[in-house]
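Peer 1: Going by the working numbering, the first residue of the sequence shown is number 18, and it counts up by one from there.
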Amino acid sequence: MKKINQNKPSIGIIGVGSIAKEHARALIYAGFHISCCTGSPGSLKAKTFADNYKIEKVFCDSNELLQNHDKFDCLLIACSTNPTLDILKLAVKLKKPVLVEKPITLNYKDFSSLNLENEKVRVGYNRRFYSTVQLAKKFVKKHSPCLISIELPDHLNFKLKKIEQDYKSLKDNSIHALDIINYIDPDFKILQVNEYLQPDNSFGKIVILKSSNDNTCVIKLNWNSPSNFNLSIEALPYKLELMPFEKYKLYKGLSVLEPSEKSPIRQYMPKVIDQSDVFSKSKDFKPGFLPQAEEFLEIVRGGKPIHSANLKDAKKASLLASNIIDFKR
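Structure (structure tokens):
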């Protein structure tokens, strides 16, 4: 992929943790100049971060960075979830483009304090930029109605009682997958949520959704299972499988292997007609981060978003997580 060599917009970064490092590498390659940064108040990491990415100015905290808004054309907010909403509310007053890490907040009601029509704010649901996820979106559009199944074996602490669960893993990590569902078909509505029991006070949830295009989606929340995150879409005679989300296989038909001396049973083998992964173009960046940075660059230059999530999308994913947790028949 050819590096962009046009005039470089300057970007300020709030947050200097591991995810900010991934953003920084992609932003620089895409064509941004990182002009300033800040970490948590009192943290020593910001100086090291600045040295690593040749950033001229390090501010003491986010308030000081935002007050010096003449130092940047746009902003990345990539701090921990808890302070993100308050920082974003101050940042949007500058009327500059903002790329903010998901999920912004763990409570969907907090979105009422934001102007959801503000298209200058883009939310970092980077899996939308996976070639595999974009293929899934095109597949559903072409072959509807489809059966979509998604498995989310995230972590839950089953030492806590159900009433004590905060479901942070769903609201903060698996929410990426909920956004994928909304991205593939924005019209899904919950029909049913069933809870199933497992040994040692553990449990899971099965969620059934339906869209106006007659697509059906089944979400399996099998917390702590020794499974991989995966998405499969069936539209006869095809099956598209993303397992994990970074890889895909497209199947059509079955090969039948008759019993033999080595294998005394008949075997039915799905035929793979295509396969690839997100690493085929670049292994140098965290998947989705470079195309996300490139689209954000186009937005900063006045272009229109194509794949990136806006505030409405972020609220929709957050609301879906909350509805799954609180669903009542």
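Glycine included, C-beta positions come from ideal geometry on N, C-alpha and C.
1. Check this for me: beta carbons of threonine 55 and isoleucine 31, under 8 Å apart or not?
2. What's the call for histidine 172, buried or exposed, on a 16-neighbour Cβ count within 10 Å?
3. From the DSSP output, in three-state form, read off threonine 122 for me.
4. Let me check one thing: in DSSP terms, what residues is lysine 227 bridge-paired to?
5. Whole angstroms is fine: what's the gap from leucine 238's alpha carbon to lysine 25's?
6. If you draw a straight line from the C-alpha of asparagine 211 to the C-alpha of phenylalanine 262, how long is it?
7. For the beta strand (DSSP E) holding asparagine 199, just list the boundary residues, first then last.
8. By Cβ distance below 6 Å, which residues in the same chain neighbour cysteine 96 in space, the five residues on each side in sequence not counted?
9. With respect to the beta strand (DSSP E) encompassing glutamine 215, which residues constitute its N-terminal and C-terminal limits?
10. Spell out the partners DSSP gives glycine 305 in its beta bridges.
11. Aspartate 343: which of Thr149, Asn132 and Val224 sits nearest, CA to CA?
12. The alpha helix (DSSP H) that contains arginine 42, what's its start and end?
13. Go ahead and pull the three-state DSSP assignment for glutamine 182.
14. To which residues of the same chain is proline 412 closer than 7 Å at the C-beta, ignoring the five residues directly before and after it?
15. Can you grab the Cα-Cα spacing for the pair alanine 37 / threonine 149, in whole Å?
16. Thinking C-beta only, is methionine 286 closer than 8 Å to serine 277?
17. Report all residues from its chain with a CB closer than 7 Å to the CB of isoleucine 94; omit the five preceding and five following residues, and keep chain order.
18. First and last residue of the alpha helix (DSSP H) that includes asparagine 340?
19. Which residues bound the alpha helix (DSSP H) around aspartate 294?
20. Quick check on arginine 318: does DSSP put it in helix, strand or coil?
21. According to the Cβ coordinates, are asparagine 135 and leucine 328 closer than 8 Å?
22. With isoleucine 104 as the anchor, note down where its alpha helix (DSSP H) starts and where it stops.
23. Across which residues does DSSP place glutamate 251 in a beta bridge pair?
24. Just the Cα atoms here: how many angstroms apart are alanine 63 and lysine 74?
25. What separation, rounded to the nearest whole angstrom, lies between the Cα atoms of leucine 274 and glutamine 284?
26. Would valine 295 and lysine 266 be called neighbours here (beta carbons separated by less than 8 Å)?
27. Ordered along the chain, which non-local residues of its own chain (more than five positions away) have a Cβ less than 6 Å from that of phenylalanine 175?
28. Leucine 177 bridges to which residues according to DSSP?
29. Lysine 20: buried (16+ other C-beta within 10 angstroms of its C-beta) or exposed?
30. If you run the structure through DSSP and keep just helix, strand and coil, what is lysine 71?
31. Which term fits tyrosine 184, buried or exposed, when burial requires 16 or more other beta carbons within 10 angstroms of its beta carbon?
32. If you draw a straight line from the alpha carbon of asparagine 245 to that of lysine 264, how long is it in whole angstroms?
33. For a quick check, are the C-beta atoms of alanine 41 and asparagine 199 less than 8 Å apart?
34. Beta carbon of serine 259, beta carbon of alanine 153: below 8 Å?
Peer 2: Put simply:
1. On the sequence shown, position 38 is the one that residue 55 refers to. On the sequence shown, position 14 is the one that residue 31 refers to. In contact: threonine 55 and isoleucine 31 (Cβ atoms closer than 8 Å).
2. Residue 172 sits at position 155 when you count from the first residue of the sequence shown. Classification of histidine 172: exposed, given that the 10 Å Cβ count is below 16.
3. To locate residue 122, count along the sequence shown from 1; it is residue 105. Assigned with DSSP and collapsed to three states, threonine 122 falls in coil, not helix or strand.
4. Within the sequence shown, residue 227 is the residue found at index 210, counting from 1. Note: lysine 227 sits in a beta bridge opposite Lys206 and Thr233.
5. Taking the first residue of the sequence shown as 1, we reach residue 238 at position 221. Taking the first residue of the sequence shown as 1, we reach residue 25 at position 8. Cα-Cα distance, rounded: 43 Å.
6. Locating residue 211 in the sequence shown gives position 194, counting from the first residue. Locating residue 262 in the sequence shown gives position 245, counting from the first residue. So the alpha carbons of these two residues sit roughly 25 Å apart.
7. Walking along the sequence shown from the start, residue 199 turns up at place 182. In the DSSP assignment, asparagine 199 falls outside any beta strand (DSSP E) and lies within the alpha helix (DSSP H) extending over 192-201.
8. Residue mapping note: residue 96 aligns to position 79 of the sequence shown, counting from 1. Setting aside the 5 residues that flank it on each side, cysteine 96 is surrounded in the same chain by Ile31 and Gly32, each with a C-beta closer than 6 Å to its C-beta; the list follows chain order.
9. Position 198 of the sequence shown holds residue 215. Unbroken run through glutamine 215: none, as it is neither H nor E.
10. In the sequence shown, residue 305 corresponds to position 288, counting from 1. Looking at the DSSP output, glycine 305 bridges to nothing.
11. The residue you call residue 343 lines up with position 326 of the sequence shown. When each option's Cα is compared against that of aspartate 343, the closest is Val224.
12. The residue given as residue 42 occupies position 25 in the sequence shown. Element bounds for arginine 42: 35-47.
13. By one-based count along the sequence shown, residue 182 stands at place 165. It is coil, neither helix nor strand.
14. Here the chain has residues from 18 to 346 only, and residue 412 is not among them.
15. In the sequence shown, residue 37 corresponds to position 20, counting from 1. In the sequence shown, residue 149 corresponds to position 132, counting from 1. Those two C-alpha atoms are separated by around 24 Å.
16. Residue 277 sits at position 260 when you count from the first residue of the sequence shown. Residue 286 sits at position 269 when you count from the first residue of the sequence shown. Their beta carbons are not under 8 Å apart, which means serine 277 does not touch methionine 286 by this criterion.
17. Residue numbering aside, residue 94 sits at position 77 when the sequence shown is read from its first letter. Here isoleucine 94 has Ile31, Gly32, Thr101, Ile104, Leu105, Ala108, Val115, Val117 and Glu118 as same chain residues with Cβ atoms under 7 Å from its own Cβ, once five neighbours each way along the sequence are excluded.
18. As a first step, residue 340 must be located in the sequence shown, where it is residue number 323. Element bounds for asparagine 340: 328-343.
19. Taking the first residue of the sequence shown as position 1, residue 294 is located at position 277. For aspartate 294, there is no enclosing alpha helix (DSSP H); the residue is found in the beta strand (DSSP E) stretching over 284-294.
20. Within the sequence shown, the letter at position 301 stands for residue 318. In this structure, arginine 318 counts as coil in the three-state DSSP scheme.
21. Indexing the sequence shown from 1 puts residue 135 at position 118. Indexing the sequence shown from 1 puts residue 328 at position 311. At a Cβ-Cβ threshold of 8 Å, asparagine 135 and leucine 328 count as neighbours.
22. Here residue 104 corresponds to residue number 87 of the sequence shown, with the count starting at 1. Isoleucine 104: member of the alpha helix (DSSP H) spanning 98-108, first to last residue.
23. As a working mapping, residue 251 is identified with position 234 in the sequence shown. In the DSSP assignment, the residues bridged to glutamate 251 are Leu164 and Lys256.
24. Here residue 63 refers to the residue found at position 46 of the sequence shown. Here residue 74 refers to the residue found at position 57 of the sequence shown. Taking the straight line from one Cα to the other gives about 10 Å.
25. Within the sequence shown, numbered from 1, the residue matching residue 274 stands at position 257. Within the sequence shown, numbered from 1, the residue matching residue 284 stands at position 267. Rounded to the nearest angstrom, the two C-alpha atoms are 5 Å apart.
26. Indexing the sequence shown from 1 puts residue 295 at position 278. Indexing the sequence shown from 1 puts residue 266 at position 249. For valine 295 and lysine 266, no; Cβs fall outside 8 Å.
27. In the sequence shown, counting from the first residue as 1, residue 175 sits at position 158. Within the same chain, phenylalanine 175 has close Cβ partners Asn218 and Ser219.
28. Here residue 177 refers to the residue found at position 160 of the sequence shown. Bridge partners of leucine 177 according to DSSP: none are assigned.
29. Locating residue 20 in the sequence shown gives position 3, counting from the first residue. In this prediction, lysine 20 has a pLDDT of 45, which is less than 50 and means its spatial position is unreliable; what the coordinates show is noted afterwards. Classification of lysine 20: exposed, given that the 10 Å Cβ count is below 16.
30. Sequence index remark: in the sequence shown, residue 71 carries index 54 (1-based). Three-state DSSP puts lysine 71 in coil, outside helix and strand.
31. Residue numbering aside, residue 184 sits at position 167 when the sequence shown is read from its first letter. Counting Cβ neighbours within 10 Å, tyrosine 184 comes out buried, since at least 16 surround it.
32. In the sequence shown, residue 245 corresponds to position 228, counting from 1. In the sequence shown, residue 264 corresponds to position 247, counting from 1. The alpha-carbon atoms of asparagine 245 and lysine 264 are separated by roughly 12 Å.
33. Taking the first residue of the sequence shown as position 1, residue 41 is located at position 24. Taking the first residue of the sequence shown as position 1, residue 199 is located at position 182. In this structure, alanine 41 keeps its C-beta atom at 8 Å or more from the C-beta atom of asparagine 199.
34. By 1-based counting over the sequence shown, the position of residue 259 is 242. By 1-based counting over the sequence shown, the position of residue 153 is 136. Reading the sequence as shown, one finds leucine at residue 259 and not serine. Yes. Within cutoff.
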